[in-house]
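Take any residue in the sequence shown, note its place counting from 1, add 35, and you have its number in my numbering. A short worksheet on the structure shown next.
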Amino acid sequence: MKFNVPEKYADLYIKALSERKVQLENQIENFKREILEIENHISNLTSLSIFNEQHDYSEFEKKNLAYSKNWPWTRKIAYYQDFIGKLISSNEVVDYIIDNEPNLDKMKVRSSVSAALSNGTRSGKYTKFNDPTSASTYYAPSEWFDKSGQPLLEYLPQDLKKRLFER
């Protein structure tokens, strides 16, 4: 950057540039602190038990275990998954939970189920499958998929099988 500044104003110009540089450096430090704060909030939120419930996603004893309103979201999802025995969509899970707990706010349930499925996918417990025929998304335990990421036929819902194999 080249400027023609008269000598009598050079000192003032240098002072103004130096002050501006300090202001920008302070803003950068504030942004860094804010980013660190956001990262801490995200870390704290994703470490909550609703996102990290440890249990076997496919081995519930249906006879001895009835649906419970007190379960965390992950367990409610796993219970429904085991009950159905097929790939599930988040909408199906939300509808099932609302059927069992009609007093819940459907938007909050949708948000919680979505977050739990996303975290389960990120952790590798669940695998996400995008239906190429309808743009629907399905989830299932990772062991229900082959090595190439395709769901095993025995776990496909009937309507999905029909759409995939009629093409």
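Here a beta-carbon is modelled for each residue, glycine too, at the ideal position from N, C-alpha and C. Computed from a prediction, not measured in an experiment: that's the story for all the values here.
**Request:** State the beta-bridge partners of Y173 as determined by DSSP.
**Result:** Y173 is bridged to F164.
**the ligand MN heavy atom lying under 7 Å from the CB of P176** = Ligands in the displayed structure: none, and consequently the ligand MN is not present.
**Request:** Give me the Cβ distance between A175 and T162, rounded to the nearest whole Å; I'm assuming they're in contact under 8 Å.
**Result:** Contact check for A175 and T162: beta-carbon distance about 6 Å, within the 8 Å limit, so the pair qualifies.
**Message:** Only counting the same chain, and skipping five residues up and downstream in sequence, which positions put a Cβ closer than 8 Å to that of S177?
**Reply:** Within the same chain, Cβ atoms closer than 8 Å to the Cβ of S177 are found at G159, K160, Y161, T162, the five residues on either side in sequence being excluded.
**Item:** Beta-carbon proximity list for K141, same chain, < 8 Å, skipping 5 on both sides
**Value:** Hits under 8 Å: V129, I133.
**Asked** Is the number of C-beta pairs between the region 110 to 128 and the region 61 to 80 that are closer than 8 Å three or more?
**Response** Contact between the region 110 to 128 and the region 61 to 80 is not established, with fewer than three Cβ pairs separated by less than 8 Å.
**Request:** Can you give me the Cβ contacts of P192 inside the same chain, cut-off strictly under 7 Å, excluding the 5 residues immediately before and after it?
**Result:** Contacts found: K121, L122.
**Request:** Kindly give me the distance between the Cβ atoms of T168 and R198, rounded to whole angstroms, as I take these residues to be in contact under 8 Å.
**Result:** A Cβ-Cβ separation of about 4 Å places T168 in contact with R198 under the 8 Å criterion.
**Bridge partners - P186, DSSP secondary structure assignment** = According to DSSP, which records beta bridges pairwise, P186 is partnered with F180.
**Request:** Work out the CA separation of H76 and E64 for me, nearest whole Å.
**Result:** Cα to Cα, E64 sits roughly 18 Å from H76.
**Asked** If we ignore side chains and look at the alpha-carbon of each, how far apart do K67 and L59 end up?
**Response** The C-alpha of K67 lies about 12 Å from the C-alpha of L59.
**Prompt:** How long is the line joining the alpha carbons of L188 and F200, rounded to whole angstroms?
**Reply:** When rounded, the distance between both Cα atoms is 11 Å.
**Message:** Rounded to whole angstroms, what is the Cα-Cα separation between I70 and K143?
**Reply:** Their Cα atoms are separated by approximately 27 Å.
**Request:** Give the single residue among S124, E74, Y131 whose Cα lies nearest to the Cα of Y102.
**Result:** Nearest option by C-alpha distance: Y131.
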